[in-house]
Every structure is written in structure tokens, then in C-alpha cells.
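Colleague: Straight run, no breaks: the sequence shown in the numbering used here ends on number 276.
Just so it is clear, CB atoms sit at the ideal spot from N, CA and C, and this is done for glycine as well.
The structure presented is a predicted model; accordingly, all values stated were derived computationally and were not measured.
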Amino acid sequence: MKPLIVAGRAGRQLAQGMLQLVFPAVCGACGQSLNPEESGFCSACRSVLTIDPFPTCPRCAASVGPHAAVEDGCPQCRQLHFHFEKVVRLGPYDGLLRELVLRLKHSMGETLAELLGELWAENANARLREIGADVVIPVPLHWWRRFRRGYNQSEALASRLAARMRLSCRPGWLRRIRHTPQQTAQTPSDRNENVRGAFRARSWARLRGRTVLLVDDVLTTGSTCNEAARALRSAGAAKVVVAVLARSRTLGNP
Ligand SMILES: [Zn+2]
Ligand SMILES: [Zn+2]
23 MKPLIVAGRA
33 GRQLAQGMLQ
43 LVFPAVCGAC
53 GQSLNPEESG
63 FCSACRSVLT
73 IDPFPTCPRC
83 AASVGPHAAV
93 EDGCPQCRQL
103 HFHFEKVVRL
113 GPYDGLLREL
123 VLRLKHSMGE
133 TLAELLGELW
143 AENANARLRE
153 IGADVVIPVP
163 LHWWRRFRRG
173 YNQSEALASR
183 LAARMRLSCR
193 PGWLRRIRHT
203 PQQTAQTPSD
213 RNENVRGAFR
223 ARSWARLRGR
233 TVLLVDDVLT
243 TGSTCNEAAR
253 ALRSAGAAKV
263 VVAVLARSRT
273 LGNP
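1. At a cut-off of 6 angstroms, is A90 close to ligand 2 when judged by its beta-carbon and the heavy atoms of the ligand?
2. If you reduce the DSSP assignment to three classes, tell me which class P77 lands in.
3. What's the C-alpha gap between G219 and T72?
4. Do C247 and ligand 2 come close, with the Cβ less than 6 angstroms from some heavy atom?
5. Could you give the DSSP three-state label for C99: helix, strand or coil?
6. Suppose only complete runs of 3+ residues qualify. What are the beta strand (DSSP E) ranges in the stretch 122 to 196, listed by chain order?
7. Determine the DSSP secondary structure at D94, reduced to helix, strand or coil.
8. Please classify L183: is it buried, with 16 or more other beta-carbons within 10 angstroms of its beta-carbon, or exposed?
9. Could you check whether the stretch 258 to 268 touches the stretch 117 to 125, counting it as contact only if at least three pairs of C-beta atoms, one from each stretch, sit closer than 8 angstroms?
10. Can you give me the C-alpha to C-alpha distance between V240 and Y115, rounded to a whole angstrom?
11. Thinking T133 and R111 are a contact (beta carbons under 8 angstroms), I'd like their distance in whole angstroms, please.
12. In angstroms with no decimal places, state the Cα-to-Cα distance between S211 and T202.
13. Measure the alpha-carbon distance for G117 versus C64 and round it to whole angstroms.
14. In terms of residues, what are the limits of the beta strand (DSSP E) holding A265?
15. Verify whether the separation of the beta carbon atoms of C67 and R81 is less than 7 angstroms.
16. Are V10 and A253 touching if we call contact CB-CB under 7 angstroms?
17. If you count every other CB in all the chains shown that lies within 10 Å of the CB of P58, and 16 or more means buried, which is it?
18. When burial is assigned at 16 or more other CB atoms within 10 Å of the CB, is A180 buried or exposed?
19. So what's N275 in DSSP terms, helix, strand or just coil?
20. Where does S65 sit, in a helix, a strand or coil, going by DSSP?
21. Give me the DSSP bridge partner(s) of D238.
22. Can you grab the Cα-Cα spacing for the pair S190 / S69, in whole Å?
23. Is R81 near ligand 2, going by C-beta to nearest heavy atom under 6 angstroms?
24. Determine the contact status of A143 and R186, defining contact as a CB-CB distance below 7 angstroms.
Below, the structure is given as C-alpha cells:
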């Protein structure tokens with residue numbers, strides 16, 4: 023048996039080596055060739071993506087000034103009612119992270135979404151575990167948008183986070199029952215109206231009493247995640263914490 027195992031391993035290494043010759047490993051962000059010890063992203067891009075330069079609001083994850091008192095939320099979110107408990111982020115919706123989030127909106131973005139999910143999971147593993155989630159659920163796309171894009175970027179991110187946290191990822195538990203117009207040109211109150219009732223948990227979803235980690239790529243006004251959280255809570259979830267790759271600078275300002 024032993025020579026066979028060795029041959030198998032050698033064969034795999036050879037195959038990997040050949041794959042690297044045909045598709046040399048390059049950084050998912052800047053396209054430069056990677057050193058053998060790097061994977062996914064080069065070390066320069068990796069540090070830009072994982073070092074969050076700002077203190078954040080513990081409630082809505084907006085960037086806040088260094089001296090802001092934000093125990094019960096920052097000036098942007100203090101007056102708002104959320105169905106989720108809080109938001110955590112990888113970084114601000116700015117610079118390189120913003121550029122990559124925009125690339126995820128295209129059908130070719132799936133590999134990049136997986137690389138970003140992996141990077142995020144690796145970087146924030148301890149912080150995400152502290153949440154004590156029982157299950158990971160991505161914000162769903164309407165089936166038509168998913169069909170056109172070919173994938174759901176939030177689902178690709180969520181599955182990597184869940185795998186690293188050893189939790190199950192249940193994209194089928196939450197459904198977008200209404201196609202909502204693109205939100206970029208709307209005011210915050212228009213956005214709230216626009217997504218109202220857009221989500222529903224599946225009848226078979228085992229949500230009762232559970233803590234859900236709800237994953238999305240970017241959070242702007244919070245209205246989409248808030249509606250998704252409302253649907254999860256009304257299906258019995260005890261608590262919803264939102265994890266976003268990127269948080270835009272201010273609520274209502276994409
Ligand atoms: Zn790079
Ligand atoms: Zn806040």
C-alpha cells in the first residue's frame with residue numbers, strides 16, 4: 023500500500039506544480055505573482071485589506087472618531103431601531119476593499135469572493151467566535167438577480183466564514199421574496215420602504231432560540247440587513263449579528 027500512497031501524493035504534487043505552471047498563483051487583488059509562502063493575496067494587499075484603520079461603532083460598525091463615546095451607538099445609529107443586535111466588519115468601504123467589493127458584483131467575482139471569505143475568516147476568527155453564533159446565513163439575492171450574476175457573493179463569503187468557524191451555513195433558510203430595485207440612488211427612508219417585507223424565513227428553518235450570523239458584502243444604510251434580521255427574528259431566532267465585509271462611511275451615504 024505504501025508505495026501507492028507515496029505515488030498518489032507525488033502525483034498530486036506534480037499536478038499542483040503543473041497547475042502553477044499553467045496558472046501561476048497571483049494576488050487576487052493586484053494580480054502580482056505570489057511568493058511560495060503567500061496564498062490568495064500578496065502580503066502588501068493582505069495588510070491593506072486586514073488592517074482596519076479606524077475605531078468603529080460597536081453597534082453599527084461605522085468608522086468613528088478616536089474620542090467618540092459610542093457605548094450605546096454612534097450619532098448615526100443611536101436614534102435607529104435595528105432588528106439585529108450589532109454589526110461587525112472586516113474594514114471600511116474605501117480604497118482597495120471598496121474596489122474588490124465592486125468586482126464581486128460581476129459574474130467573474132466568485133473566486134475573488136471565496137478568497138476574500140477565506141482572508142476574512144482567517145483574520146477575524148476569534149472576534150467572530152465571540153459572537154457565539156449557532157448558524158451562518160447569507161443575505162439572499164432575489165433568484166432572478168442570482169441567475170443573472172451566476173452566484174451570490176454573500177453566500178460565497180458566508181460559506182468560508184462558516185467552514186472556518188465549524189458552523190453550518192444555511193443559505194436556504196432565508197428567501198428574498200421580492201425583487202427590489204437597485205438602492206444606490208435612494209434616500210435612507212426610501213430604502214427602508216423599498217426592502218420592507220422583502221425577506222421570509224423558510225418554514226423548515228430551525229431558527230427558534232438560535233443566534234444567527236447574517237453575512238453580507240457591504241452595509242450602507244443597514245435597511246437590507248435590518249429587514250433580513252426582522253424575518254429571522256419573526257421566525258424565532260433569538261439574536262442576529264450582522265457580519266459585513268465592508269461598511270460604508272456613513273449611514274445613507276454609499
Ligand atoms: Zn496584491
Ligand atoms: Zn453606530
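Modeller: In short, the structure shows the following:
1. no
2. coil
3. 34 angstroms
4. no
5. coil
6. 157 to 160
7. coil
8. buried
9. yes
10. 7 angstroms
11. 22 angstroms between Cβ atoms; not a contact.
12. 14 angstroms
13. 16 angstroms
14. K261 to R269
15. no
16. The shown model of the chain, from 23 to 276, leaves out residue 10, and the question about it has no answer.
17. exposed
18. buried
19. Because N275 carries a pLDDT of 39, less than 50, the predicted location of this residue cannot be relied on, and the following value inherits that uncertainty. Strand, per DSSP.
20. helix
21. V266
22. 29 angstroms
23. yes
24. yes
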